[in-house]
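Numbering (the working numbering), first residue to last: 11 to 717.
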């Protein structure tokens, strides 16, 4: 068998089980489905109102204060927006603003109402720029009013908060400006004083050098012409000038004891000595009044340097008098640090000035609509239809919930109450031989619509490939009775060509021909586990089927407690078996011929006695033996086996026992108990017949029976 075929059979088994337990399934399904419908009908109506808020980007507010520590961040506002809208103070303000609770309400009532209100408020983000404020209420107008008020209060509070933030930013920037203005002024003054000190030292050193140069020139003026004509003197004087310039530069930062300074001073002294020596060698004598341009130039530079030094000293004294006290003399590195700090303070001060202007712009923007970060895109409209209950969802829930509960209940019952559904199952568990199975008998309906519906169902089952392989309970519809005195359940008599009649004929064949290997059967006992499993109907139809074959048959109702066979033939219950045994009635008078050819009937009787004692008495044995000599076959309908010993007594007087098992009703443990009880008394169990069987109906059988 392929995997596909196995899956198809499993599906068929499940469908077969659902159809077989359709009453349980329909009850559970109906309970869930109609309970859901009723719950939906009686649920309170809930209306939903929603407003939309537009979130402006960072391009208006954030750039103005983005570098300030107190500037709001849009990401943080979005993350906390839901909590802001549904904050307890805002909801409390809303309740008081709209008079949603009475003035005399207690604090606990107010808290309970706000708690319930918060549960019905929801904030959703439609996208990154649109926020939806949703409120649900049983009153549509109140839902609209609460949603709009929540939105408006949030917009106003957000705008007010932005104004306060801008004001705080302005105050903060002004405080920082005061601090950095004073710091900048102090830095500038320190730098200026230090710069003047540095320039003053350079000027003083330069003045000293000029004085020395002027003195030297005064010495060499008489021999100027000789000096100019002597190239050695010119070179020495040029080198001396270079050394003097380098010494002036080094003396700005270095001390007198610096090795480099000492080296240059020593070299300069040597150069001056050499110049004097060269001049002494010269024999040319000049007049002191001879003109020298370098002397005049040096004299002018010295005068200018004296004026510059005087100016720097006066300016330094002015600055020290105003603010700067104890200013330290700094070198080039310290002066560079002061200059760098001054530039940093200037940059911070300029940045604060720009931010102050931006904060003023932000404050002015908050008073206009364009400056508000949140604006109302759409106010809530009056809801016309409730959002709850959602009848479509309720119906779907009831439908699928009913399917699940119904299917689960069916499978649960199937596993809890284990019964037989097919002869193969019973034969596998019990070891009994399956003699046959009989379908369900239903009475004919005179309703035209029902007839047409049943015909349509039969056509559907016949033409559908899937359902044609499922065991469907196709009941036999009893036709109009040939004889009103005979019960409609006697199908073999009323409708001998029906499927049910064929089932009983097949049962007769299996009992007397196909499966009988131990000799001829004259006394056949039909029993079951409990009442209502179809043993009486089986006994009557089996007897009729045997009689139809030409044998003289007696049907005996041996159930002295609840005999039913007399109703099959509209006959009185007495005289019967109990009357024969207790009142010595003639058996010939008690046996009655039925409308069925070759079939006689002996009712249970009306006399009261102990059924167990009567069934086990020698009189009953004599009665059965006497009747077996008059009839070819005796079919005995006995009481159920369980809880009563009557059937076990009767099994001693029978040639074979057939057990009736109702499909889907008889519990497996009950039939197992029957098997054990009958074996104890040595009864010859021929097999079982399954009643009210859901037949497998191939297409040709449908065509045969219903064409």
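Even for Gly, the Cβ is constructed at its ideal location relative to N, Cα and C.
**Message:** Please report the straight-line C-alpha distance between residue 197 and residue 325, rounded to a whole angstrom.
**Reply:** Approximately 17 Å, taken between the alpha carbons.
**Prompt:** At a cut of 8 Å, does the stretch 590-602 reach the stretch 530-540 through at least three beta carbon pairs?
**Reply:** no
**Item:** Three-way DSSP call (helix, strand, coil) for residue 683 in this model
**Value:** Correct three-state label for residue 683: helix.
**Message:** Strictly by DSSP, which residues pair up with residue 145?
**Reply:** 59, 131
**Message:** Relative to the C-alpha of residue 164, which candidate in 657, 190, 97 has its C-alpha closest?
**Reply:** 97
**Request:** Starting from residue 632, follow the alpha helix (DSSP H) in both directions and report where the run begins and ends.
**Result:** 628-640
**Request:** Determine the closest residue to residue 45 out of 409, 656, 510, 521, with distance taken between C-alpha atoms.
**Result:** 409
**Prompt:** With distances taken from CA atoms, which of 64, 160, 562 is nearest residue 137?
**Reply:** 64
**Request:** Would you list the one or two residues that DSSP bridges to residue 9?
**Result:** For the chain, the structure presents residues 11 to 717; residue 9 sits outside this window and is missing.
**Item:** Pair within 8 Å by beta-carbon distance, residue 91 and residue 140
**Value:** no
**Asked** Do you know offhand how far residue 584's Cα is from residue 646's?
**Response** 17 Å
**Item:** Inside the stretch 31-59 only - alpha helix (DSSP H) runs reaching at least 4 residues
**Value:** 32-52
**Request:** My understanding is that residue 720 touches residue 543, with C-beta atoms under 8 Å, so please give their C-beta distance in whole angstroms.
**Result:** Because the chain here runs from 11 to 717, residue 720 falls outside it and cannot be looked at.
**Prompt:** Which residues in the same chain have their Cβ closer than 8 Å to the Cβ of residue 321, if we skip the five residues on either side of it in sequence?
**Reply:** none
**Message:** Rounded to the nearest angstrom, what separates residue 511 and residue 502 at their Cα positions?
**Reply:** 5 Å
**Message:** So, with DSSP's three-state summary, where would you put residue 498?
**Reply:** Per DSSP, reduced to three states, the secondary structure at residue 498 is coil, with no helix or strand assignment.
**Message:** If you measure between the beta carbons of residue 546 and residue 517, is that distance less than 8 Å?
**Reply:** no
**Asked** In angstroms, rounded to a whole number, what distance separates the CA positions of residue 414 and residue 145?
**Response** 34 Å
**Item:** Per-residue DSSP class, three states only, for residue 595
**Value:** coil
**DSSP beta-bridge partners of residue 533** = 644
**Request:** Give every residue of the same chain whose Cβ lies closer than 7 Å to the Cβ of residue 522, excluding the five residues on either side of it in the sequence, and list them in chain order.
**Result:** The answer, listed in chain order, is 531.
**Asked** Is the beta carbon of residue 60 less than 8 Å from the beta carbon of residue 143?
**Response** yes
**Asked** Which residues in the same chain have their Cβ closer than 6 Å to the Cβ of residue 396, if we skip the five residues on either side of it in sequence?
**Response** 55, 56, 57
**Message:** Can you give me the C-alpha to C-alpha distance between residue 258 and residue 211, rounded to a whole angstrom?
**Reply:** 9 Å
**Message:** Using only the alpha-carbon positions, how far apart do residue 316 and residue 205 sit?
**Reply:** Those two C-alpha atoms are separated by around 18 Å.
**Asked** Do you know whose CA, among 286, 288, 214, lies nearest residue 255's CA?
**Response** 214
**Prompt:** Is the stretch 423-436 close to the stretch 180-196, with three or more CB pairs under 8 Å?
**Reply:** no
**Message:** I need the DSSP call for residue 430, collapsed to helix, strand or coil.
**Reply:** Coil, per DSSP.
**Prompt:** Hey, quick one: how far does the beta strand (DSSP E) through residue 388 stretch, first residue to last?
**Reply:** 384-388
**Request:** Determine, using beta-carbon pairs with one atom in the stretch 605-613 and one in the stretch 562-581, whether at least three such pairs fall under 8 Å.
**Result:** yes
**is_contact[residue 274, chain B] using C-beta, thresh 8 Å** = Checking the listed chains, one finds no chain B in this structure; it contains a single protein chain.
**Request:** Specify the secondary structure class of residue 590 as computed by DSSP and reduced to three states.
**Result:** helix
**Item:** DSSP state of residue 692 mapped onto helix, strand, coil
**Value:** DSSP places residue 692 in the coil class of the three-state scheme, outside both helix and strand.
**Request:** Go through its chain and collect everything with a Cβ distance to residue 589's Cβ below 7 Å, but skip five positions before and after it.
**Result:** 595, 600, 615, 616, 617
**Item:** CA nearest to the CA of residue 1, picked from 221, 551, 388, 423
**Value:** No answer is possible for residue 1: it lies beyond the span of the chain, which begins at 11 and ends at 717.
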